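**Student:** In our numbering, the protein residues as written are 761 to 926. Okay, here's the structure, questions in a sec.
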Amino acid sequence: MKRKWLRAFKKCLTFCLLPSALCLSSVIKLKVTSLPKTPAHLPHPQKVDLSPITQSIEELKQSSTRLETQEIANLTKQLNALKLRLDNFPKPVDLSEILAELATLQAIDKSSINDSILQLQSQIAHICQHIQELLSPFDPSFLEKRIAELEESDRTNIALSASWGC
761 MKRKWLRAFK KCLTFCLLPS ALCLSSVIKL KVTSLPKTPA HLPHPQKVDL
811 SPITQSIEEL KQSSTRLETQ EIANLTKQLN ALKLRLDNFP KPVDLSEILA
861 ELATLQAIDK SSINDSILQL QSQIAHICQH IQELLSPFDP SFLEKRIAEL
911 EESDRTNIAL SASWGC
């Protein structure tokens, strides 16, 4: 009877991940109800060595404590990560500010914007034309013709001053 009870108790401990009062209570109730009701059928009292059971209970408690400590550490890490993400989350914008900006943008006169765009396009076209003229190939014939005109003018001036006796 002692061995059967010890095996049943160890089996219960193996199926329970954490030692709990319910598991122990159910084993005890099961054993008490399975005992015969009359003392005549009871075996002679024997000393029971509870050290294996006590040792198993202690090991389960230590294992449970380690698991709980690890879980608490994991949950703390996750909580800190979530807090960091929430701290970096952008602050909500006041909707009234957005509506005020929208009203300001809608109040702008679109015709004046279109006139300004047309003026800018005209100025850009003028600048482009000026750049085009500056980048056109150099034609020295204009300078040669101008030099010839100046030389002719100088000769004429020299001839006139000579005739006047200067």
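We put the CB at the ideal spot given by N, CA and C, even for glycine. Every value quoted in this text rests on a predicted model; they were computed, and no experiment measured them.
Could you tell me the alpha carbon to alpha carbon distance between L855 and F849, rounded to whole angstroms?
**Tutor:** L855 and F849: Cα-Cα distance of roughly 18 Å.
**Student:** For the alpha helix (DSSP H) holding S901, just list the boundary residues, first then last.
**Tutor:** Taken as a continuous stretch (DSSP letters only), the alpha helix (DSSP H) holding S901 covers 901-924.
**Student:** Within its chain, find whatever has a CB closer than 8 Å to the CB of E909; leave out the 5 residues flanking it on each side and keep chain order.
**Tutor:** Here the set comprises nothing.
**Student:** So K843 is in the alpha helix (DSSP H); what residue range does that whole segment cover?
**Tutor:** Counting along the chain, the alpha helix (DSSP H) containing K843 begins and ends at 811-847.
**Student:** Between which two residues does the alpha helix (DSSP H) harbouring D869 extend?
**Tutor:** D869 -> no alpha helix (DSSP H), and no H or E assigned at all.
**Student:** So what does DSSP say about K851, is it helix, strand or coil?
**Tutor:** The answer is coil: DSSP assigns K851 none of H, G, I, E or B.
**Student:** Could you tell me the distance, in whole angstroms, from the CA atom of Q892 to the CA atom of A885?
**Tutor:** Whole-angstrom Cα-Cα distance: 10 Å.
**Student:** Just the C-alpha distance for R915 and H890, rounded to the nearest angstrom, thanks.
**Tutor:** If I take the Cα positions, the gap works out to 37 Å.
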